[in-house]
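*Asks:*
Number of protein chains: 2
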Amino acid sequence: MVMTQATQHLVKHGIRPSMQRIAIMKYLMEHRTHPTVDTIYSDLHHSMPTLSRTTVYNTLQVLAQNHAVTTLSIDGHATRYDGITQPHAHFMCRHCGRIIDLPLENLPAMPRNGLKVEQVEINFTGRCDLCNQ
Amino acid sequence: MVMTQATQHLVKHGIRPSMQRIAIMKYLMEHRTHPTVDTIYSDLHHSMPTLSRTTVYNTLQVLAQNHAVTTLSIDGHATRYDGITQPHAHFMCRHCGRIIDLPLENLPAMPRNGLKVEQVEINFTGRCDLCNQ
DNA sequence: TGTAATTTTGTAACGATTACAGATTTTGGT
DNA sequence: ACCAAAATCTGTAATCGTTACAAAATTACA
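Chains as they are written, first to last, in numbering that gives the first Met the number 0: chain A, 0 to 132; chain B, 0 to 132.
(1) Count the C-beta pairs between the segment 62 to 73 of chain A and the segment 76 to 91 of chain B that are closer than 8 angstroms, then say yes if the count reaches three, no if not.
(2) Between His66 (chain B) and the rest of its own chain, which residues show a CB-CB distance below 8 angstroms, the 5 nearest in sequence each way excluded?
(3) Ignore the nearest five residues each way along the sequence and tell me which others in Pro86 (chain A)'s own chain have a CB closer than 6 angstroms to its CB.
(4) Taking a contact to mean a Cβ-Cβ separation below 9 angstroms, would you say Tyr80 (chain A) touches His44 (chain A) in this structure?
(5) Please decide whether Lys115 (chain A) counts as near chain B, where near means a Cβ-Cβ distance under 9 angstroms.
(6) Is the segment 5 to 22 of chain B touching the segment 110 to 123 of chain A in the sense that three or more CB pairs, one from each, lie closer than 8 angstroms?
(7) Determine the extent of the beta strand (DSSP E) in which Leu71 (chain A) is found, giving its start and end residues.
(8) Shorter than 9 angstroms from the beta carbon of Gly82 (chain B) to some beta carbon of chain A?
(9) If we ignore side chains and look at the alpha-carbon of each, how far apart do Cys95 (chain A) and Val1 (chain B) end up?
(10) Could you tell me the distance, in whole angstroms, from the CA atom of Asp37 (chain B) to the CA atom of Thr53 (chain A)?
(11) Could you give the C-beta distance for Val55 (chain B) and Ile23 (chain B), rounded to a whole number, given that I count them as a contact under 8 angstroms?
(12) Using the Cβ count rule (16 or more neighbours within 10 Å means buried), how would you classify Thr3 (chain A)?
(13) Apart from the five residues just before and just after Pro110 (chain A), which ones in its own chain have a Cβ nearer than 8 angstroms to its Cβ?
(14) Could you tell me the boundaries of the beta strand (DSSP E) in which Arg126 (chain B) lies?
(15) Within the 9 angstroms Cβ cut-off, does Asn112 (chain B) reach chain A?
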């Protein structure tokens with residue numbers, strides 16, 4: 000039996016691969032747009048008419064808790080999700096809303112002693128190259 | 000006529016110093032707790048019974064737009080505000096909710112060419128020294 | 001196959017934030 | 001000082017993202 004990449008990814012993170020979870024994980028692996036719950040729901044709803052918005056919320060919570068996806072609070076309005084879990088920074092264009100992945104060459108200085116860091120989020124905001132012309 | 004620090008700060012950023020604006024700016028300068036709108040409102044409401052929650056929202060928006068304060072989306076639930084505008088990072092304890100200022104020794108690698116960065120937000124999340132024992 | 005556990009679904013509720021319109025205050029010219 | 005215009009503040013209602021919850025559907029496994 001062949002496992003899709005999405006399914007493998009779920010299993011690797013100890014998440015049971017249901018239809019809905021696979022679909023959402025697959026979506027995040029194929030769309031590098033850092034979508035919101037609503038975008039994911041709207042896009043998947045076409046091919047999965049019975050999918051519930053609540054399921055998208057629940058699933059993403061499960062995925063994030065098990066580190067299968069990353070959450071992004073760069074938006075201010077809605078949480079965004081990232082299928083890539085390797086540490087990297089983000090740039091969001093105030094004008095067009097696009098979110099761009101940025102490599103993290105040198106991680107910022109470690110916090111002071113005693114703090115146990117579990118997550119780092121580095122967000123740049125401004126105007127992107129396309130809007131800047 | 001003597002100007003308070005808060006008033007000076009407002010004027011310096013081109014913001015007309017009304018009673019409410021001064022009170023909110025003063026609050027943020029004196030409380031280094033990165034409070035939410037609700038905390039600010041509740042605390043100020045005692046000494047300013049006529050203050051409206053909407054005014055706190057509006058005022059903080061004006062202050063942020065004019066770079067007199069900084070916004071923090073580290074919380075996930077409510078926007079938090081910081082009276083210190085010099086660039087620095089933040090650590091939030093998942094356990095007690097405390098937010099700690101962190102000096103930014105070396106700014107993270109600049110984003111790729113063409114992106115015009117207007118704001119940087121660096122958020123660490125984890126367990127603080129007090130909760131870690 | 002039957003039952004318990006898990007997952008999904010839809011609706012209702014919640015909390016943060018914004019829209020809006022009227023009231024109040026401030027400003028600037030006379 | 002007086003008045004009109006502009007700016008600010010206020011309170012309520014609406015909006016929007018998210019969570020609570022309970023019932024329905026699916027899956028696991030004895």
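We put the beta carbon where it would ideally sit given N, CA and C, even for glycine. Since the model is a prediction, treat every value here as computed from it, not as a measurement.
*Replies:* So, from the listed chains and residues:
(1) no
(2) His12, Thr84
(3) Leu103
(4) no
(5) yes
(6) no
(7) 69 to 71
(8) no
(9) 44 angstroms
(10) 28 angstroms
(11) 6 angstroms
(12) exposed
(13) Val116
(14) 115 to 126
(15) yes
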